[in-house]
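Chains as they are written, first to last, in UniProt numbering: chain D, 1 to 406; chain R, 1 to 406.
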DNA sequence: GGAAGTAAGTTCAATCTGTTTACTTATTCG
DNA sequence: CGAATAAGTAAACAGATTGAACTTACTTCC
């Protein structure tokens, strides 16, 4: 037999059925209120197939029936919605300065949040603390009568495609950590999907996946915080993430923006992070790592030095966004991370630069929408929860209901 | 009914059968010489299913049986190969200085080539000439007794996801051209798959798709010629290309490498193309657009000015490759385009820079393989042919054989 | 040389899936 | 109120994969 080669996807009748159940579920998720007839035309299935599939999804607690639609000359259809009261998803983010927890309904609605200041420490200690927090978290009343579909954890570092091991997280000082294996002993009773991902990639995924109606073809999330990273999600079918072999895709902080510029902690010169990042701003303005950057900076926004530093950082961000536009060409760019709270002194130069230069290659025809999230505290954690939902819907057998449902 | 939303993929039994036929065909394609039993374990299908599917692929002329395998204690398996004598693929490239034609067997083997000098002219004139060339080309004896699966055309410009219209090709001076519609009247008898794509993306696809054995997870093709562009192909299942909404993904020529640098023809300053591209080298060294760059430069390789220019361009290319490594993180980088013929004076600085800086973020553990193609004349055209094959195998019903076959 | 063992490939009834066709239900329009 | 229209359901049908039994073909061992 010849050497190793990848599996090709093939399937049996069971696979086909699960595929169709997933497709129906995704259709309802993306367009709440569709009827069985709508689904049949959308998904290219017959009414009969859709009918039986929907019935089984109703029994499993994934869907619920809604109001009768307006009739257009015949029997009115029955609206279908995700059953937001039966399952929930857990998302967490391990950040440099704290742990963040989120519980989401399948629609993406946030049910519970928790933001716990927590210092950088070892993987084991962090896993123990996060496990304890999650255990308490799941006892909150709004989650008591729901079933968990799984747990997703977002981390500030590079994760290879298999998603099992965190290769490097320079800002945490970690490398080669199998974080989910460390977490599991602390949550022995938890079942369902377990996964981890880079924080910017998780955020990108969530921003694309938890959206109804017309979804953009692709979405780039740029996370500007202590470091700077990005994630690209593509939404043709189920959202896919561009990861790169070593999980390095989107490590835009270390692209060279200024040949021969300042030395970066990575050893190269002129990296984007030397111009725009939490640590470079701190270094320039002499702000200690332990202090909150925004709090220390807010009273100093009149100082010429601060204004100048923020403007230069903003312009560099604009240039970075333009380069990303040209290399990735996403349909939509979302800017988040703690630095967005620095306000217009930082953001305006970035937006202005990007606006002024983005259409040079294509004329004025189309522009890319660029959205800034002011408070992105829970965006990555919610994105990790979104990944759990996607995995539950697509990759594995749909779980049976255990809590009573209609 | 709620607003527009995308189709979700669902399917019937026919879809499942085609999926399995495709999976089997891909398995044989990637690992020539597999037996039915190998396929069954690889593709997770039963021997019975594989047996009938293989029989139908043999009848259709896609596969042929080979020698008996060595026995390992039982009945030996019968090797299966792609039938390279039944179908062929046509690929063409419209370049700034000429038209290139390729005919490939399903294995990727090049059957015929043709390189025709052709000046930049209007889309209509080009389509007429290409059509005539293709017609003559298909009458060559090696193609006489084969069936064509379709035609793919590679072009130096941006093409949006639907692939139907060439948005902009600055080096040709074209914009918003439906090239395949212009070509069709000149080849009325041609059937099968018709497609066009950007030349770097087509090349990336071909380099990944026409490979047997262990294929890299992703491959980035960088095309350095008159302009500079790139294409990223990912090979988890069928190779997918990163295109971007406006087809701008991979337009690396216009990423800013040197803030405040020279003005680029796109209107911005310090674009990569101002440092490394056919036109910037011509401008710096005063070489006319109509002359062949390599021919004019070869006798001048001793001049300090030439040496300096090529070294600077090479260094910029190295920096660009590093930035691509960080934003895309492909498993393999392939460097092609006419500038690779400039030799070590240009290439060495690029490779040296890339080698020296690539592992700063991940330690010395893994390195990305970087391969240079010296003669990339037919790479893009062959890539377009590869796309035709992929489309024929995956997207549509497998055609019936018309020429007699075993 | 022959019998036993092992593995590849085939045959065919059984099972499971989506489809087709006919039917029931529920609303609008005249 | 009846005809028309459209949503949803039920039962027979068509088809693809499966599983078990079978045939084929080679190796190994006595």
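Glycine included, C-beta positions come from ideal geometry on N, C-alpha and C.
| Counting only beta-carbon atoms, is residue 139 of chain R nearer than 9 Å to chain D? | no
| message | Can you look up residue 165 of chain R in the DSSP assignment and give me helix, strand or coil? | response | coil
| Taking three-plus beta-carbon pairs below 8 Å as touching, is the stretch 343-356 of chain D in contact with the stretch 275-282 of chain R? | no
| Could you give the distance in angstroms between the alpha-carbon of residue 224 of chain R and the alpha-carbon of residue 61 of chain R? | 39 Å
| Using a C-beta cutoff of 9 Å, does residue 268 of chain R count as contacting chain D? | yes
| At least three beta-carbon pairs within less than 8 Å, the stretch 188-195 of chain D to the stretch 17-26 of chain R | no
| message | Alpha carbons only, please: which of R:351, R:75 and R:203 is nearest the one belonging to residue 316 of chain R? | response | R:351
| query | Counting Cβ pairs, one atom from each stretch, are 3 or more of them under 8 Å apart for the stretch 120-133 of chain D and the stretch 143-151 of chain D? | reply | no
| request: Note down, in chain order, each residue of its chain lying with its Cβ closer than 6 Å to the Cβ of residue 201 of chain R, except the 5 sequence neighbours on either side. | output: 231 and 241
| Can you list, in chain order, the residues of the stretch 194-218 of chain R whose Cβ is nearer than 9 Å to any Cβ on chain D? | 212, 213, 214, 215, 216, 217 and 218
| Would you report the Cα separation of residue 162 of chain R and residue 218 of chain D, rounded to the nearest angstrom? | 14 Å
| request: Kindly confirm or deny that the stretch 43-55 of chain R and the stretch 40-59 of chain D touch, where touching means at least three C-beta pairs closer than 8 Å. | output: no
| request: Pull up the distance between the alpha-carbon of residue 417 of chain D and that of residue 94 of chain D, whole angstroms please. | output: Nothing can be reported for residue 417 of chain D: it is not among the residues displayed for chain D, which extend from 1 to 406.
| field | Runs of alpha helix (DSSP H) lying entirely within the stretch 48-73 of chain R, each at least 4 residues, in chain order | value | none
| message | Is it buried or exposed, residue 288 of chain R, if we count other Cβ atoms within 10 angstroms and call 16 or more buried? | response | exposed
| From residue 238 of chain R to residue 195 of chain D, what does the alpha carbon distance come to, in whole angstroms? | 25 Å
| Is residue 352 of chain D helix, strand or coil by DSSP? | helix
| message | Using C-beta distances below 7 Å, list every residue in its chain close to residue 301 of chain R, excluding the 5 sequence neighbours before and after it, in chain order. | response | 345
| field | Cβ-based burial, residue 156 of chain D [other Cβ within 10 Å; buried from 16] | value | buried
| Looking at the structure shown, is residue 246 of chain R part of a helix, part of a strand, or coil, going by DSSP? | coil
| request: Tell me whether residue 263 of chain R is buried or exposed, calling it buried when 16 or more other Cβ atoms sit within 10 Å of its Cβ. | output: exposed
| query | How about the stretch 331-341 of chain R and the stretch 372-381 of chain R: do they share at least three Cβ pairs that are nearer than 8 Å? | reply | yes
| message | Please tell me whether residue 243 of chain R has its Cβ less than 9 Å away from any Cβ of chain D. | response | yes
| field | Option in R:266, R:69 and R:169 with minimal Cα separation from residue 34 of chain R | value | R:69
| Does DSSP put residue 124 of chain D in a helix, a strand or coil? | helix
| task | Give the range of the beta strand (DSSP E) segment to which residue 302 of chain D is assigned. | result | First-last for residue 302 of chain D: undefined, no H or E at that position.
| field | Contact list for residue 59 of chain R against chain D, beta-carbon separation under 7 Å | value | Simply none; closest approach about 20 Å.
| task | Would you decide whether residue 213 of chain R is buried or exposed? Buried here means 16 or more other CB atoms lie within 10 Å of its CB. | result | exposed
| said: Taking 9 Å as the threshold (beta carbon to beta carbon), is residue 123 of chain R in contact with chain D? | reply: no
| request: Tell me whether residue 292 of chain R is buried or exposed, calling it buried when 16 or more other Cβ atoms sit within 10 Å of its Cβ. | output: exposed
| request: Taking the CB atoms as reference points, tell me whether residue 182 of chain D and residue 120 of chain D lie closer together than 9 Å. | output: no
| Does DSSP classify residue 199 of chain D as helix, strand or coil? | helix
| Nearest-angstrom Cα separation, counted from residue 13 of chain R out to residue 37 of chain D | 21 Å
| said: Quick check: the Cα distance between residue 331 of chain R and residue 221 of chain R, rounded to an integer number of angstroms? | reply: 11 Å
| query | According to DSSP, what are the bridge partners of residue 318 of chain R? | reply | Looking at the DSSP assignment, residue 318 of chain R forms no beta bridge with any residue, so it has no partner.
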